[in-house]
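Numbered by full-length UniProt numbering, the letters in the sequence shown go through residues 1 to 155 in order.
Note that the Cβ used here is the ideal one computed from N, Cα and C, for glycine as well.
Below is one structure, written out as structure tokens, with a few remarks after it.
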Amino acid sequence: MLVLPDTVTGDIVIVLEQKEHPKFKRKGDDLFVEHTLSLTEALCGSQFVLTHLDARQLLIKFQPGEVVKPDQFKEINDEGMPMYQRPFMKGKLYIHVGGAGSGSSRGRGQRRGEDVIYPLKVTLEDLYNGKSKRLSLSRNILCSKCNGLTPSQET
1 MLVLPDTVTG
11 DIVIVLEQKE
21 HPKFKRKGDD
31 LFVEHTLSLT
41 EALCGSQFVL
51 THLDARQLLI
61 KFQPGEVVKP
71 DQFKEINDEG
81 MPMYQRPFMK
91 GKLYIHVGGA
101 GSGSSRGRGQ
111 RRGEDVIYPL
121 KVTLEDLYNG
131 KSKRLSLSRN
141 ILCSKCNGLT
151 PSQET
């Protein structure tokens, strides 16, 4: 690690701001989606095709005789978001049956400077598919308040 003399040190924090998705909602590793069933479909069974975030087509089936109640969730294993540090494991996909409309903190030692925060806009699809982007950071401005000068250097 390179530390320059007479400089203020701090963490660089990159914040991912997930954009809203029109169909899927994310809670941790799990995905949620809404689907409306008519009374006939709920009683007699039905199926529909759900296009997933990676463009795969999932055939979702409600079997005849399967009890489907309003405000119920159908759970599908391994179709949620990839799990942190477990790239081959995924959360669950929950299909909410009804009508439409129905981070960790870590300990820190003593800090001597402010964190530098770079918000990045990413889509839910990009996060799901593991897309990466190159980020270049400038270290020229150490502090926007004092322009990188320590109190002894200010005039």
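Outcome for Ile95 when other beta-carbon atoms lying within 10 angstroms are tallied against a minimum of 16: Looking up residue 95 in the sequence shown gives position 95. That one is buried.
Sequence ranges, alpha helix (DSSP H) only - wholly within the stretch 16-75, length at least 4: Counting only runs of 4 or more, we get 39-44.
Any 3 or more C-beta pairs closer than 8 Å across the stretch 27-34 and the stretch 86-94: With a cut-off of 8 Å, the stretch 86-94 and the stretch 27-34 count as touching, because enough Cβ pairs lie within range.
Per-residue DSSP class, three states only, for residue 173: Because the chain here runs from 1 to 155, residue 173 falls outside it and cannot be looked at.
For Thr123, the nearest candidate out of Glu41, Lys19 and Lys61 (CA to CA): Taking the sequence shown and counting its residues from 1, one reaches residue 123 at position 123. Here the closest residue by C-alpha is Lys19.
DSSP beta-bridge partners of Val121: Counting from one through the sequence shown, the residue named residue 121 turns up at place 121. The residue asked about is misnamed: residue 121 is Lys in this sequence, not Val. BP columns for Lys121 point to Glu17.
Cβ-Cβ separation, Lys90 to Gly98 (assumed contact under 8 Å), whole Å: Counting from one through the sequence shown, the residue named residue 98 turns up at place 98. Counting from one through the sequence shown, the residue named residue 90 turns up at place 90. With 8 Å as the limit, Gly98 and Lys90 do not qualify as a contact, their Cβ atoms being about 24 Å apart.
Own chain partners of Val49 with C-beta closer than 8 Å, once the 5 adjacent residues on each side are dropped: As a working mapping, residue 49 is identified with position 49 in the sequence shown. The answer, listed in chain order, is Gln57, Leu58, Leu59 and Ile60.
Residue 196, DSSP secondary structure in three states: Past the edges of the chain, shown from 1 to 155, lies residue 196, and the structure says nothing about it.
With 16 other Cβ atoms within 10 Å as the buried cut-off, status of Ala100: By 1-based counting over the sequence shown, the position of residue 100 is 100. Interpretation of Ala100 is limited by its pLDDT of 33, a score under 50 that renders its predicted location unreliable; no figure is taken from the coordinates.
Burial state of Gly103 (16 or more Cβ within 10 Å): As a working mapping, residue 103 is identified with position 103 in the sequence shown. Note that Gly103 scores a pLDDT of 31, beneath 50, so its modelled location is shaky; the value from the coordinates is reported in the next line. With a 10 Å radius around the Cβ and a threshold of 16 neighbouring Cβ atoms, Gly103 comes out exposed.
Residue range of the unbroken beta strand (DSSP E) whose run includes Tyr94: As a first step, residue 94 is located in the sequence shown; it is residue number 94 there, counting from the start. Leu93 to Val97 is the span of the beta strand (DSSP E), which, as asked, contains Tyr94.
Environment of Tyr84 [buried if 16+ CB atoms lie within 10 Å]: Taking the first residue of the sequence shown as 1, we reach residue 84 at position 84. With fewer than 16 Cβ atoms within 10 Å of its Cβ, Tyr84 is classed as exposed.
Top-ranked residue by Cα proximity to Glu17, from Asp11, Gly10 and Arg26: Position 17 of the sequence shown, counted from the first residue, corresponds to residue 17. The residue with the shortest Cα to Cα distance from Glu17 is Arg26.
Cβ shell of Phe73 (< 6 Å), same chain only, five flanking positions each side left out: For the purposes of this step, residue 73 is taken as the residue at position 73 of the sequence shown. These residues qualify, in order along the chain: Tyr94 and His96.
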